[in-house]
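Structure first, commentary second.
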Amino acid sequence: MSEPARAGYRGYIGSRPVLGNRAPQAVQNLVVRDYCQRSGLQYLLSSVEYAMPRCYMMLNEVLAELPRLQGIVCYTLFMLPEAADRRREVYRRVLAAKATLHTAIEGQVLRTAEDIGRIEDIWLVQQALARAPKTL
Amino acid sequence: MTGGFLSNEDRILGDAFLKDGYIIRAVEDRASLDRIQARMAELAAAQLKLDPPDDPKAFLDDIHSQVGPDKLNAFRLAMIAGINSEPWFRRAYYSLAEKTLASLVGNELAMQRRANLSIQLPGDESSLLPAHTDTWAGDSPFEVVVWLPLVDCRATKSMFILPPAANAKAAAKLSDYNDKGVEALYRDYEADARFLAVDYGQFLLFDQNLIHGNRVNAEKTTRWTFNCRFKGLFTPYADKKLGEFFEPITMRPQTRVGLAYKLPEGFQ
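Here is the structure:
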């Protein structure tokens, strides 16, 4: 029996600042839609992460939905959990579901386990930069 | 409630709102409601290349015979763009609940710039809004929602809400559902959820800090409902900001005076 067709790519946007920056939800949606259009991905209405710090309930909802989706398009990579073990659990669930994870701002794509190192390098450097001097 | 200063009518309405978290009333301007419904039916017919219907309510109720789930979101977005481009629409929408908003929220208000529209086809699983509060997703706790059906909405064709007592219990346990998800939250509090019967000719005004959402529409006809947020103009804003999401609609004269006022300068 063939597998049922999977729907497209679920947008994932947020309602709290990321790295101290805020983008209106309408703008986040525009960026995600535009990314999907340019990448030939079928966009599905975005889930909006809750405002409470360190809450990832909506991300977990989308991850649970993954077997019926082709993937997720996050507004930005830095919406993923700050804790490395929780991020790695996200990557694991995406790959286990044979789905892909895209980040619209950075244009990063997680398709295979080999992509994890590249994405984590960006994350780790960003976290180090947060503790580095801010002026030249 | 504020002792002694509110009218008896305001006090009774306020007590009912605080007790249940919502109120359902007849619209305050029936002609505006009929105008909105008729225009929506015209827009839908035009989008589907059909003649304008003689019976807007029956046409909207039966839209699932014309639009399938695969085309629904594009159709819905076209409807939202169409009605929000009507210059009279937001004033008409406000007039449906004007006195109730003044009583429960205030007389200097900000209104959502673009009303949202929900179209829920019978049996369609693609348009679900799981259990949530708007505040969790970036709305201010000072906002209320005026929810307006264009058809009769009952049972699963309507929305559910948790009354304040059940909501307080659920919200206090929310972090327990971080991994289990909001569907598990709904299941645990399903017995407390109230599906609100709101017929055409009525509006629902509810506290969006309470957990609410919808389920698969198991009725035979299609749900058409608007939702639009209102808040006190000078109450705190959250992620939905003044200007980009809200606009002032009823600023009063002395507020304008105060905003323009400058203390005399030039002292050395």
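These protein sequences, in sequence, are chains V and C.
Per our numbering, the first sequence starts with residue 2, numbered consecutively.
Per our numbering, the second sequence starts with residue 7, numbered consecutively.
Using N, Cα and C, we set each Cβ at its ideal position, and we do this for glycine too.
Which term fits residue i, buried or exposed, when burial requires 16 or more other beta carbons within 10 angstroms of its beta carbon?
| i | result |
| --- | --- |
| residue 230 of chain C | buried |
| residue 146 of chain C | buried |
| residue 205 of chain C | exposed |
| residue 95 of chain C | buried |
| residue 11 of chain C | exposed |
| residue 93 of chain C | exposed |
| residue 166 of chain C | buried |
| residue 41 of chain V | exposed |
| residue 63 of chain V | buried |
Might you give, ordered along the chain, the residues of its own chain that have their beta carbon closer than 7 Å to the beta carbon of residue i, omitting 5 neighbours on each side?
| i | result |
| --- | --- |
| residue 32 of chain V | 76, 105, 106 |
| residue 32 of chain C | 207, 208 |
| residue 26 of chain C | 169 |
| residue 257 of chain C | 114, 239 |
| residue 48 of chain C | 58 |
| residue 148 of chain C | 237, 238, 241, 242 |
Less than 6 Å between C-beta atoms, sequence neighbours within five positions excluded: which residues of the same chain meet that for residue i?
| i | result |
| --- | --- |
| residue 103 of chain V | 74, 110 |
| residue 44 of chain C | 62 |
| residue 40 of chain C | none |
Roughly how many angstroms separate the alpha carbons of residue i and residue j, rounded to a whole number?
| i | j | result |
| --- | --- | --- |
| residue 155 of chain C | residue 91 of chain V | 39 Å |
| residue 61 of chain V | residue 185 of chain C | 6 Å |
| residue 246 of chain C | residue 8 of chain V | 30 Å |
| residue 242 of chain C | residue 140 of chain C | 15 Å |
| residue 85 of chain V | residue 189 of chain C | 26 Å |
| residue 50 of chain V | residue 128 of chain V | 21 Å |
| residue 76 of chain C | residue 187 of chain C | 26 Å |
| residue 225 of chain C | residue 20 of chain V | 45 Å |
| residue 10 of chain V | residue 70 of chain V | 6 Å |
| residue 126 of chain V | residue 172 of chain C | 45 Å |
| residue 203 of chain C | residue 108 of chain V | 46 Å |
Among the residues of its own chain, which have a CB less than 8 Å from the CB of residue i, if the five just before and after it don't count?
| i | result |
| --- | --- |
| residue 34 of chain V | 12, 44 |
| residue 113 of chain V | 96 |
| residue 175 of chain C | 195 |
| residue 150 of chain C | 107, 110, 111, 211, 212, 213, 214, 235, 236, 237 |
| residue 34 of chain C | 101, 102, 103, 104, 105, 106 |
| residue 78 of chain C | 125, 127, 130, 132, 133 |
| residue 276 of chain C | A query on residue 276 of chain C cannot be resolved here, the shown segment of chain C reaching from 7 to 274 and no further. |
CB of residue i to nearest heavy atom of the ligand FAD: below 7 Å?
| i | result |
| --- | --- |
| residue 126 of chain V | As presented, the structure is devoid of all ligands, the ligand FAD included, so that no description of it is given. |
Does residue i have its Cβ less than 8 Å from a Cβ in chain B?
| i | result |
| --- | --- |
| residue 46 of chain V | This model lacks chain B altogether; the protein chains it does include are V and C. |
If contact means a Cβ-Cβ distance below 7 Å, which residues of the segment 54-69 of chain V contact chain C? 56, 57, 58, 61, 62, 65
Would you check if the segment 148-162 of chain C and the segment 219-233 of chain C touch, i.e. whether three or more CB-CB distances between them fall below 8 Å? Using a C-beta cut-off of 8 Å, the segment 219-233 of chain C makes contact with the segment 148-162 of chain C, since at least three inter-stretch Cβ pairs fall below that distance.
Against chain C: residues of the segment 22-43 of chain V by CB proximity under 8 Å: 23, 25, 26, 27
Please name the residues in the segment 140-153 of chain C whose beta-carbon is closer than 9 Å to at least one beta-carbon of chain V, in chain order. 141, 142, 143, 144, 145
Does the segment 111-130 of chain C touch the segment 251-260 of chain C, meaning 3 or more C-beta pairs lie closer than 8 Å? yes
Residues of the segment 250-261 of chain C with Cβ closer than 7 Å to any Cβ of chain V, in chain order: 250
Members of the segment 105-131 of chain C near chain V, C-beta cut-off 8 Å: none
Taking any Cβ of chain V, which residues in the segment 180-205 of chain C have a Cβ under 7 Å from it, in chain order? 183, 184, 185, 187, 188
What are the residues in the segment 233-249 of chain C lying within 9 Å of chain V by C-beta distance? 244, 245, 246, 247
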